[in-house]
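Residue numbers (the numbering used here): 70 to 391.
Beneath this line is the structure, given in structure tokens, with notes to follow.
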């Protein structure tokens, strides 16, 4: 609170100032000076602050009773088009608007895949209990039948909780996706991991025994793949057979309808999925299609091929008639 001066001393000082001004200023200019007089003022005015009159208009709240003057019919009157004819945009019967409750966009990504996570320590716990057999490939079907995971929708992702010491023995596992640390932990234990493409319908058929859990038309035997490439005159020196066996590539031939399964397992068709499973870093089952030094991108072009294409375009431009 600001200090307060005694009124007697304040009045004396003001009177002395006014007398000195009047003595030095001519009488003709005295009307320009405001009248000097003593004034008392409260120390604080924070409690009395308010808007100026007419600064804002009070909101009309309709339909809240007769006291406001806008209750019951809310100023619309009775019957007719005036009462029933018009409603404001997005009016939802008086309840909270949908765009307020749910928002216009965001919060939930309707395009995101719902992938079930499974950790290495949980798999090892199931192996210790005898609910999973480490000598056989561990697929979606084994994980669901053993109740290691529940309610698969779009696939399974392997995570590395427990670290590299989580696994006590090598395993062969086929899942939709896997983290880099999980891949490192599985291979450090001497096992192999493969990521392959699944759809919701394929997962349902796998669990019902109508589709093979991992073999599809793109999942080919190593020797068969090498023979096809050699017959076409392609260079097969870039194919590392040891790497393919390590990550689970080509360990089985594709099973057909007559071999006990009613439906084939589909392969990816979208660019994003194809590039993901072509990437050796993801241990994708299509990584054998990528040559050494090439990118898994479908739009990757080697520098030599790009230079040849530029030369061909330049040569065709020179041979134009006009």
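We put the beta carbon where it would ideally sit given N, CA and C, even for glycine.
Owing to the predicted nature of the structure, the values given are computational and were not obtained by experimental measurement.
How about residue 185 and residue 201: do their beta carbons lie closer than 8 Å?
-> no
DSSP state of residue 321, grouped into three classes?
-> Interpretation of residue 321 is limited by its pLDDT of 43, a score under 50 that renders its predicted location unreliable; no figure is taken from the coordinates.
What is the C-beta distance between residue 236 and residue 262, in whole angstroms, given that I count them as a contact (C-beta under 8 Å)?
-> Contact doesn't hold; Cβ gap of about 11 Å is too wide.
Would you tell me roughly how many angstroms separate the C-alpha atoms of residue 195 and residue 238, rounded to the nearest one?
-> The alpha-carbon separation between residue 195 and residue 238 amounts to approximately 13 Å.
Residue 210: buried (16+ other C-beta within 10 angstroms of its C-beta) or exposed?
-> buried
Check whether residue 139 and residue 129 have beta carbons under 8 Å apart = yes
Are the beta-carbon atoms of residue 343 and residue 349 separated by less than 8 Å?
-> Result no, Cβ atoms of residue 343 and residue 349 do not sit closer than 8 Å.
Limits of the alpha helix (DSSP H) - the one that residue 149 falls within = 149–153
Can you tell me where the alpha helix (DSSP H) with residue 214 in it begins and where it stops?
-> 209–214 is the span of the alpha helix (DSSP H), which, as asked, contains residue 214.
In the DSSP assignment, find the beta strand (DSSP E) that holds residue 243 and state where it starts and stops.
-> 241–244
Nearest-angstrom Cα distance between residue 218 and residue 230?
-> 15 Å
When we look at the beta-carbon of residue 125 and count the other beta-carbons within 10 Å, is it buried (16 or more) or exposed?
-> So residue 125 counts as exposed.
Cα separation between residue 180 and residue 339?
-> 14 Å
Ends of the beta strand (DSSP E) at residue 228?
-> Per DSSP, the continuous beta strand (DSSP E) segment holding residue 228 begins and ends at 224–228.
When the distance is taken between beta carbons, is residue 251 closer than 8 Å to residue 189?
-> yes
If you draw a straight line from the alpha carbon of residue 389 to that of residue 378, how long is it in whole angstroms?
-> 17 Å
Residue 365, buried or exposed, once every other Cβ within 10 Å from all chains shown has been counted against 16 = Per the 10 Å Cβ criterion, buried.
For the stretch 155–180, list the beta strand (DSSP E) runs that are entirely contained and at least 3 residues long, ordered along the chain.
-> none
Best match in 254, 243 and 351 for proximity to residue 69 [C-alpha to C-alpha] | Residue 69 lies beyond the range of the chain shown here (70 to 391); nothing can be said about it.
Every unbroken alpha helix (DSSP H) within the stretch 244–293, with a cutoff of 4 residues, ordered by chain | 249–257 and 269–276
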